[in-house]
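Student:
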Ligand code: PLP
């Protein structure tokens, strides 16, 4: 695989960028080699600076659910670019976007747009504390909720990939109110509820940041009952799953309603948008209606809103969720067959359009079991997939994503790459 130009840019980039990247998972640290530099993308394909072409299953870590440069979305964005880029005052687009989002998530009467998933979650935590007057937050080991101080503990993929337990620079006081429970283990949650200062439980309802991990239906039901009975808020971090698992996110798929929902990724269609929303009684705490302060110069940016609106409308029209399920089931079967043929222990976890393999014979149901995966095998697998034209996240602990732009031909290309890559893993 020719990557001379990527190597050249990596060498040049290291001088003025940290590790030549602006987000650590892009550094390819756990799979070795240098990060690939991208030139452009269109539809289901992404092209690097050396001219290599890949079927894109990273999709910018989720947002590009329609593939790249969807023509309807692009036309809309171009149109709105002509009106100006940002005004520091309200626009009609923000209202249309809010209507679309609140319509998709019945638990949301009102929504506030921000610029990233991190910002959505840190604001939701502040809101939960403001509403309940309590301080502690329960989070699950292996779930990632962005890089705000309080949530940077036991935080899944980026840290697991780099083998960093938490982060330097986060003071003990910042995490002293963060309690850790185990995914799919209600007893580990109940244990913390002896503490009467708990404001909220935050969860990735379908975990995607320790690889894909599906919650048991019982676990979600118990979480909902437990929070309701104890006056604690349930925060669904749907930054990854919102509009991806179903149009109404994991909540629609799993049949529950959170007290506060966080969104990001797909909601901006590739532009920097995050959002948090809840029923009126909770959202009325937020300034200017209430005393919980949260603001942003570029929040609700008109171009980002136009991209989000066009993406959500197109997604609603296309309604791809049944097809995603079929494609993911096909890929699961193919991966398992190829692994078996080569004597490799493999688990494949998937939910909706999120899927990934774990190189282990242990069933993967939480962070601990995810870590039984053989990351050296993943490394070999990853590079063979790349060599054979499939762009995957460079980490064992990240979900692969499907887009509506993927054709049958692309899916067969992924299958052939899987067959070659599994053989390489066995050797
Ligand atoms: N929450 C979840 C579930 C995520 O997957 C991510 C990002 O991967 C975030 C929050 C943070 O979002 P952002 O990277 O936009 O800040």
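Residue numbers (this note's numbering): 1125 to 1551.
Cβ coordinates follow ideal geometry from the N, Cα and C atoms, glycine included.
For residue 1268, is the beta carbon positioned less than 7 Å from some heavy atom of the ligand PLP?
Tutor: Result yes, Cβ under 7 Å from the ligand PLP.
Student: What residues in its chain sit with their C-beta under 7 Å from that of residue 1168, if we drop five residues either side in the sequence?
Tutor: 1179, 1180, 1191, 1527, 1529, 1530, 1531, 1534, listed in sequence order.
Student: Suppose the cutoff is 7 Å on Cβ atoms and the five residues either side in sequence are ignored; what does the same chain contact list for residue 1462 look like?
Tutor: Only 1542, 1543, 1546 meet the Cβ criterion.
Student: Mapping DSSP to helix, strand and coil, what is residue 1177?
Tutor: Note: residue 1177 maps to strand in three-state DSSP.
Student: Report the residue from 1394, 1246, 1299 whose alpha carbon sits nearest the alpha carbon of residue 1589.
Tutor: Residue 1589 is absent from the model: the chain starts at 1125 and stops at 1551.
Student: Look at residue 1225 and residue 1347 and say whether their C-beta atoms are less than 8 Å apart.
Tutor: Cβ atoms of residue 1225 and residue 1347: not closer than 8 Å.
Student: Can you tell me the Cα-Cα spacing of residue 1304 and residue 1263, whole angstroms?
Tutor: About 5 Å.
Student: Expressed to the nearest angstrom, what Euclidean distance is found between the alpha-carbon atoms of residue 1401 and residue 1235?
Tutor: Taking the straight line joining both Cα atoms gives about 4 Å.
Student: With H, G and I counted as helix, E and B as strand and the rest as coil, what does DSSP make of residue 1242?
Tutor: Correct three-state label for residue 1242: helix.
Student: When you compare the CB positions of residue 1270 and residue 1523, do they come within less than 8 Å of one another, or not?
Tutor: It is not a contact, given that the beta carbons lie outside the stated cut-off.
Student: Using a Cβ-Cβ cutoff of less than 7 Å, which residues in the same chain neighbour residue 1291 once the five nearest sequence positions on both sides are dropped?
Tutor: Only 1276 meet the Cβ criterion.
Student: Only counting the same chain, and skipping five residues up and downstream in sequence, which positions put a Cβ closer than 7 Å to that of residue 1287?
Tutor: Residue confidence is low: residue 1287 scores 48 on pLDDT, short of 50, so the model does not pin down where it sits. No coordinate-derived value is stated.
Student: Does residue 1287 come out as helix, strand or coil in the three-state DSSP assignment?
Tutor: Low local confidence applies: a pLDDT of 48 at residue 1287 is under 50, so the model's placement there is unreliable, with the coordinate-based value given in what follows. Residue state, collapsed to three classes: coil.
Student: Thinking residue 1350 and residue 1313 are a contact (beta carbons under 8 Å), I'd like their distance in whole angstroms, please.
Tutor: Yes, they are in contact, since the Cβ atoms of residue 1350 and residue 1313 sit about 7 Å apart, within 8 Å.
Student: Could you check the C-alpha separation between residue 1186 and residue 1220 for me, to the nearest Å?
Tutor: Roughly 23 Å between the two C-alpha positions.
Student: Alpha carbon to alpha carbon, how far is residue 1414 from residue 1405?
Tutor: Whole-angstrom Cα-Cα distance: 10 Å.
Student: Decide yes or no for the touch test of the region 1377 to 1391 against the region 1327 to 1344: beta carbon pairs closer than 8 Å, at least 3 of them.
Tutor: Cβ pair count under 8 Å is three or more, so yes.
Student: Taking residue 1370 as the reference, which of 1427, 1445, 1421, 1172 has the closest Cα?
Tutor: The shortest C-alpha separation from residue 1370 is found at 1445.
Student: Going by DSSP in three states, residue 1481 sits in which element: helix, strand or coil?
Tutor: Looking at residue 1481 - three-state DSSP - the assignment turns out to be strand.
Student: In whole angstroms, what separates the C-alpha of residue 1229 from that of residue 1243?
Tutor: Computed Cα separation, rounded: 19 Å.
Student: In the DSSP assignment, find the unbroken alpha helix (DSSP H) run with residue 1431 in it and report its ends.
Tutor: Element bounds for residue 1431: 1426 to 1442.
Student: So does the region 1424 to 1431 actually touch the region 1465 to 1483, counting three or more Cβ pairs closer than 8 Å?
Tutor: No contact exists between the region 1424 to 1431 and the region 1465 to 1483.
Student: Please work out which residues of its chain come closer than 7 Å, Cβ to Cβ, to residue 1354, disregarding the five sequence neighbours upstream and downstream, and give them in chain order.
Tutor: Around residue 1354: 1317.
Student: Mind checking who residue 1386 pairs with in its DSSP beta bridge?
Tutor: BP columns for residue 1386 point to 1361, 1400.
Student: Just how far apart, CA to CA, sit residue 1514 and residue 1392?
Tutor: Answer to the nearest angstrom: the Cα atoms are 25 Å apart.
Student: In or out: residue 1175 buried (at least 16 other Cβ within 10 Å) or exposed?
Tutor: Exposed.
Student: Please classify residue 1442 as buried or exposed, where buried requires at least 16 neighbouring CB atoms within 10 angstroms.
Tutor: Exposed: under 16 other Cβ atoms inside 10 Å.
Student: Would you say residue 1385 touches the ligand PLP, meaning its beta carbon is less than 7 Å from a heavy atom?
Tutor: It does not: the Cβ of residue 1385 is nowhere closer than 7 Å to a heavy atom of the ligand PLP.
Student: Between the alpha carbons of residue 1131 and residue 1497, how many angstroms are there, rounded?
Tutor: Each residue's Cα considered, the two are about 29 Å apart.
Student: How big is the Cα-Cα spacing for residue 1525 and residue 1150?
Tutor: Each residue's Cα considered, the two are about 16 Å apart.
Student: Since residue 1302 sits in a beta bridge, which residues does DSSP pair it with?
Tutor: Residue 1302 is bridged to 1261.
Student: Here's a check: name, in chain order, each residue in its chain whose Cβ is nearer than 6 Å to the Cβ of residue 1133, leaving out the five neighbours to either side.
Tutor: The answer, listed in chain order, is 1161.
Student: Out of 1165, 1472, 1301, 1142, state which residue places its alpha-carbon closest to the alpha-carbon of residue 1193.
Tutor: The shortest Cα separation from residue 1193 among 1165, 1472, 1301, 1142 belongs to 1165.
Student: Among 1300, 1439, 1491, 1249, which has the Cα closest to the Cα of residue 1330?
Tutor: Comparing Cα positions, the closest option is 1491.
Student: On a Cα-Cα basis, can you pick out the residue from 1307, 1359, 1335, 1157 that is closest to residue 1481?
Tutor: Selected option, being the one with the closest Cα: 1335.
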